[in-house]
Amino acid sequence: FYTVNTGQISLEATATFQGSTVRPDVDIYPTVNLSYFAVDKAYQCKGYGKLIMAELFASVLALQEHCGFSFIYVESLNQSVEFYESTGFNFLLHNYHEDRSNGFERPTYDMFISPRKLIDMGFYPHGGYKTRRLKYKPK
């Protein structure tokens, strides 16, 4: 399953993402935040995560018709970074921070993917999309 919500993130004028320099006159960017993304342990490492992510990408692109945003943002746990990278996410400024909620520390890494990159990867709003890079391969 996954859960998304809208939000915003503040970036310094010198930051870059998706190969583009952040506009010097803008420091707050609208985002779609990937709040939760999970696959039952019995189904992990079998391609279901990439299949669900492909559905999420198509849904978010459809959302863009009604809600403008600069990128999809996620705070990835260390053990999930490789998965997010494999689906096209990049590090945002290579930042990480520690979540001290629930009485324990766990580092998280800021990651993002832009709508332009999704389109370049072959994703389209609902009504048709290719899963060229995120092919489901049952094991």
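For the sequence shown, this note's numbering gives the first residue as 15, with consecutive numbering after it.
Don't be surprised by glycine CBs; every beta carbon is placed ideally from N, CA and C.
Query: In three-state DSSP terms, what is Ser49?; Result: strand
Query: Based on Cα-Cα distance, which residue from Met135, Asp134, Phe15, Phe126 lies nearest to Leu70?; Result: Phe15
Query: What does Asp156 pair with, by DSSP beta-bridge criteria?; Result: With the chain represented from 15 up to 153, any question about residue 156 goes unanswered, as that position is not in the structure.
Query: Decide if Ala68 is buried, meaning its Cβ has at least 16 other Cβ atoms within 10 Å, or exposed.; Result: buried
Query: Could you spell out where the beta strand (DSSP E) holding Gly21 opens and where it closes?; Result: 16-24
Query: Using the three-state DSSP reduction, which class does Phe71 fall into: helix, strand or coil?; Result: helix
Query: Does Ala52 pass the burial test, meaning 16 or more other C-beta atoms within 10 Å, or should it be called exposed?; Result: exposed
Query: Below 8 angstroms, how does it come out for the segment 79-92 and the segment 54-62: are there three or more Cβ pairs, yes or no?; Result: no
Query: Can you have a look at Tyr143 and say buried or exposed, based on whether 16 or more other CB atoms are within 10 angstroms of its CB?; Result: With a pLDDT of only 46 at Tyr143, under 50, the local geometry of the prediction cannot be trusted, and the value read off the model is given with reservation. Buried, by the Cβ-count rule.
Query: Going by the beta-carbon positions, is the gap between Val46 and Val74 smaller than 9 angstroms?; Result: yes
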